[in-house]
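Taking it in order: structure first as structure tokens, then the write-up.
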Amino acid sequence: MNKNAHHSRHSNNKDVIMINDEEDEPKIQKKIKNEDEDDCIINEDIIPWMSKKTMMIRHPVLRLHNEIIEFFDYISPSDQEHKRRIAAYMRVEKYLQDIIPEAQIESFGSFKTRMYLPNADIDMVMIETSCTQKQLFKKVAAKMMKQTNKFENVNLIANAKVPIIKFIEVESQYHFDLSFNQLDGLKQIEELEKAFEIYPELKFLLMTLKCILRQRDLNETYSGGVGSFLLFQMILAFLREYRKDFFKHNKQDQIKNVTLGEYMIKFLEFYGIKFDVSRKKIVMGKGGSIENKSTQDERFSLISPQDPDHDVGHSSYKIKEIFKIFQNRHNFLTNYNFKSGESVLRYLINPTDQKFSFLKPVQF
Numbered sequence: 216m217n218k219n220a221h222h223s224r225h226s227n228n229k230d231v232i233m234i235n236d237e238e239d240e241p242k243i244q245k246k247i248k249n250e251d252e253d254d255c256i257i258n259e260d261i262i263p264w265m266s267k268k269t270m271m272i273r274h275p276v277l278r279l280h281n282e283i284i285e286f287f288d289y290i291s292p293s294d295q296e297h298k299r300r301i302a303a304y305m306r307v308e309k310y311l312q313d314i315i316p317e318a319q320i321e322s323f324g325s326f327k328t329r330m331y332l333p334n335a336d337i338d339m340v341m342i343e344t345s346c347t348q349k350q351l352f353k354k355v356a357a358k359m360m361k362q363t364n365k366f367e368n369v370n371l372i373a374n375a376k377v378p379i380i381k382f383i384e385v386e387s388q389y390h391f392d393l394s395f396n397q398l399d400g401l402k403q404i405e406e407l408e409k410a411f412e413i414y415p416e417l418k419f420l421l422m423t424l425k426c427i428l429r430q431r432d433l434n435e436t437y438s439g440g441v442g443s444f445l446l447f448q449m450i451l452a453f454l455r456e457y458r459k460d461f462f463k464h465n466k467q468d469q470i471k472n473v474t475l476g477e478y479m480i481k482f483l484e485f486y487g488i489k490f491d492v493s494r495k496k497i498v499m500g501k502g503g504s505i506e507n508k509s510t511q512d513e514r515f516s517l518i519s520p521q522d523p524d525h526d527v528g529h530s531s532y533k534i535k536e537i538f539k540i541f542q543n544r545h546n547f548l549t550n551y552n553f554k555s556g557e558s559v560l561r562y563l564i565n566p567t568d569q570k571f572s573f574l575k576p577v578q579f
């Protein structure tokens, strides 16, 4: 990177920077031919995260780098948005505490790390080890179903491996997921925070890929998609494998020069083209590795870093559909002739998609 760059306001790591010099040379060797540079076909108004400075960058991969940072800044919750969620969480927490006073109520997941998309669920867990999961589930469900002035769209998912109550708090209209005696989510918080320190690019990739899956209704593990924690593990596994080549050839000092655009394209290639679901499994413990399965099957296998007997990936039965999308988007990004000023990220995230609003909540 050269001196004509500035830091993202959300980045605490000096290695993640914005590019604003159109003369920067791309790191990826493949040249992508642009059309006439005066022919800027994108209306700035429908790409709400994209700045004029980013539109001026000539090379699409470098433009994508800036767009990913700008999208992260745009889509991340403001202080006011987060305070409203905290207030809603505290109301629900008090209600649950009144039902079972001896229970411990905790938040986890993207709400805890503040890495959530608009309209994302708030994850909560009730811990009371003198009761079974099903006992807690039944007691809370019976009470909540009667509180129509406080909760709506109460969805009881009793047959899942982990029983969950999904509901909307009436006052805030925020969606909640409540689980019981499930400690994995709490253990994951420290791991997430540590990984964000080691891999500054991870949070940018995570927010972008979460939105890619969310727009395609492939972001819920219980319905066969890839949930937030599994996606985090997948990105982490990719980054570890990607860095191995740099260390193998004594080029680790060049890692800081890899752009987010390159990371995104390589991630799509890694899972969309290179990774063999039927033959390989990802092991997250002990520094991470990719190993051969003992028996070939069509299920995605990603072994939990906390429990070597827990395969986090098995429940994502739509993984081949997801990897097919990654392959499609990789092939598009590496072959399409982007025009000058054209948003690259819009071919991964549709800013006009009705299923996912990019209008930020009104500030009060």
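In this text, residue positions in the sequence shown follow my numbering: the first is 216, and each later residue adds one. Cβ atoms here follow ideal geometry from the backbone N, Cα and C, with glycine treated the same way.
Residue nearest to residue i in terms of C-alpha spacing, selected from the options
i, options, result
"leucine 200", "Met479, Lys466, Asp526, Ser293", "Outside the displayed range of the chain (216 to 579) lies residue 200, so it cannot be described from this structure."
"lysine 353", "Glu386, Ile315, Ser387, Asp336", "Ile315"
"arginine 494", "Glu513, Phe382, Glu477", "Glu513"
"lysine 508", "Phe490, His464, Pro263", "Phe490"
"leucine 563", "Leu475, Leu548, Ser387", "Leu548"
"asparagine 374", "Val559, Ser438, Leu420, Phe419", "Ser438"
"glutamate 406", "Gln511, Arg561, Gly500", "Gly500"
Range of the contiguous beta strand (DSSP E) that encloses residue i
i, result
"phenylalanine 419", "Per DSSP, phenylalanine 419 belongs to no beta strand (DSSP E); it is in the alpha helix (DSSP H), 417-430."
"aspartate 338", "337-342"
"lysine 495", "495-498"
"aspartate 294", "Per DSSP, aspartate 294 belongs to no beta strand (DSSP E); it is in the alpha helix (DSSP H), 294-314."
Inter-residue spacing [alpha-carbon to alpha-carbon] between residue i and residue j
i, j, result
"cysteine 426", "leucine 332", "7 Å"
"lysine 242", "valine 492", "With a pLDDT of 32 at lysine 242, under the threshold of 50, the modelled position of that residue is not reliable, and no figure is offered here."
"threonine 567", "alanine 318", "43 Å"
"isoleucine 284", "glutamine 467", "23 Å"
"glutamate 168", "arginine 306", "Only positions 216 to 579 of the chain appear in this structure, which leaves residue 168 out of reach."
"glutamine 312", "cysteine 346", "15 Å"
"leucine 428", "valine 473", "24 Å"
"glycine 556", "glutamine 521", "45 Å"
"methionine 360", "valine 369", "7 Å"
"isoleucine 379", "leucine 277", "42 Å"
"glutamine 539", "tyrosine 486", "This sequence places lysine at residue 539; glutamine is not what is there. Rounded to whole angstroms, lysine 539 to tyrosine 486 spans 9 Å at the Cα level."
"histidine 464", "glycine 502", "19 Å"
"phenylalanine 461", "asparagine 334", "39 Å"
"serine 266", "valine 355", "47 Å"
Contact under 8 Å by Cβ, residue i with residue j
i, j, result
"leucine 371", "tyrosine 414", "no"
"histidine 297", "arginine 329", "yes"
"glutamate 384", "lysine 365", "yes"
"aspartate 399", "aspartate 338", "no"
"glutamine 448", "leucine 517", "yes"
"isoleucine 497", "isoleucine 488", "no"
"methionine 422", "isoleucine 290", "yes"
"serine 443", "serine 325", "yes"
"leucine 167", "histidine 545", "Only positions 216 to 579 of the chain appear in this structure, which leaves residue 167 out of reach."
"tyrosine 304", "serine 322", "yes"
"glutamate 282", "valine 559", "yes"
Enclosing alpha helix (DSSP H) for residue i [first to last residue]
i, result
"lysine 354", "348-359"
"glutamine 319", "Segment 319-323 is the beta strand (DSSP E) holding glutamine 319; no alpha helix (DSSP H) there."
"lysine 402", "399-413"
"valine 276", "275-290"
"glutamate 506", "First-last for glutamate 506: 504-507, but that is the beta strand (DSSP E), not the alpha helix (DSSP H)."
Q: May I have a chain-ordered list of the alpha helix (DSSP H) segments no shorter than 4 residues that lie completely inside the region 431-467?
A: Counting only runs that start and end inside the region 431-467, the alpha helix (DSSP H) elements of at least 4 residues fall at 443-463.
Q: Please specify which runs of the alpha helix (DSSP H), each continuous and at least 4 residues long, are wholly inside the region 520-568, giving them in chain order.
A: Taken in chain order, the unbroken stretches of alpha helix (DSSP H) that lie wholly in the region 520-568 and span 4 residues or more are 534-548.
Q.
Which runs of the beta strand (DSSP E) at least 3 residues long sit entirely within the region 366-393? Give them in chain order.
A. If only complete runs of 3 or more residues are kept, the region 366-393 shows the beta strand (DSSP E) at 366-372, 379-384, in order along the chain.
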